[in-house]
Amino acid sequence: MKKRNLVFAIIAGFAFACGGGEKTAESSSEAASTTAEATAPAPEMSLEEKYKDDPIYIKGVEKVKGSDCMTCHMVERKIIGPSYAEVAAKYENTEENVTMLAKKVIEGGAGVWGEVMMSPHPALSEEDAKDMVRYILLLKK
Ligand code: HEC
31 MKKRNLVFAI IAGFAFACGG GEKTAESSSE AASTTAEATA PAPEMSLEEK YKDDPIYIKG
91 VEKVKGSDCM TCHMVERKII GPSYAEVAAK YENTEENVTM LAKKVIEGGA GVWGEVMMSP
151 HPALSEEDAK DMVRYILLLK K
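In this note's numbering, the protein residues as written are 31 to 171.
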């Protein structure tokens, strides 16, 4: 019985020592990361954040979200289709490009970004497709 108590005391002692040691390490690394955060430059603003108050953004994002675009496109990451940021970087924001890309959205097609095809959207009006494209071309970094 006495021996057991001694073993217990030793184990408890070790656990305490270890626990204590860990705590010190934890709090010192916490302090280090807080300092790093304070000195690091502000993280880059997302494109959504950057343009969210623009009327072209507000009108377009609503139409895009009301269609199926988001199943294949994300703003800043390529999924099935190119990211909107990539599309915005590729095309100048001109009326000519808006008309051309709106036609592509309505008719669908492949070959510009790869072999994967964009499905056609024959139910979209030209005006809605153009509002969507204007929103996409706004998303320049
Ligand atoms: C089934 C998946 C899919 C859906 C749904 C989809 N897209 Fe696409 N989209 C693609 C793919 C794939 C491409 C690349 C086509 C290519 O390489 O020519 C693309 C390309 C584009 C482009 C660039 C076209 C070019 O010629 O550079 C625009 C703009 C675009 N999509 C907008 C939209 C909009 C707006 C919607 C919603 C109405 C939409 N997409 C829905 C898959 C999709």
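The C-beta atom is built at its ideal place from N, Cα and C for all residues, glycine as well.
Using the DSSP secondary-structure output, state which residues sit across from residue i in a beta bridge.
i: G139; result: M148
i: K108; result: H103
Would you say residue i touches the ligand HEC, meaning its beta carbon is less than 7 Å from a heavy atom?
i: I166; result: yes
i: D98; result: yes
i: M147; result: yes
i: V142; result: yes
i: V128; result: no
Quick one: using the 10 Å Cβ neighbour count with 16 as the cut-off for buried, is residue i buried or exposed?
i: G51; result: With a pLDDT of only 47 at G51, under the threshold of 50, the placement of this residue in the model should not be trusted; the figure read from the coordinates follows. Result: exposed.
i: V163; result: buried
i: P204; result: Only positions 31 to 171 of the chain appear in the structure, and residue 204 is not among them; the question remains open.
i: G138; result: exposed
Measure the C-alpha to C-alpha separation of residue i and residue j and round it to an integer number of angstroms.
i: V142; j: D83; result: 31 Å
i: S155; j: P73; result: 38 Å
i: L77; j: M130; result: 24 Å
i: H103; j: G144; result: 14 Å
i: K160; j: I109; result: 22 Å
Do you know whose CA, among the options, lies nearest residue i's CA?
i: M147; options: E157, D158, K134 and D161; result: K134
i: E157; options: C102, V128 and T69; result: V128
i: N123; options: P71, M75 and L169; result: L169
i: P152; options: L167, I136 and Y165; result: I136
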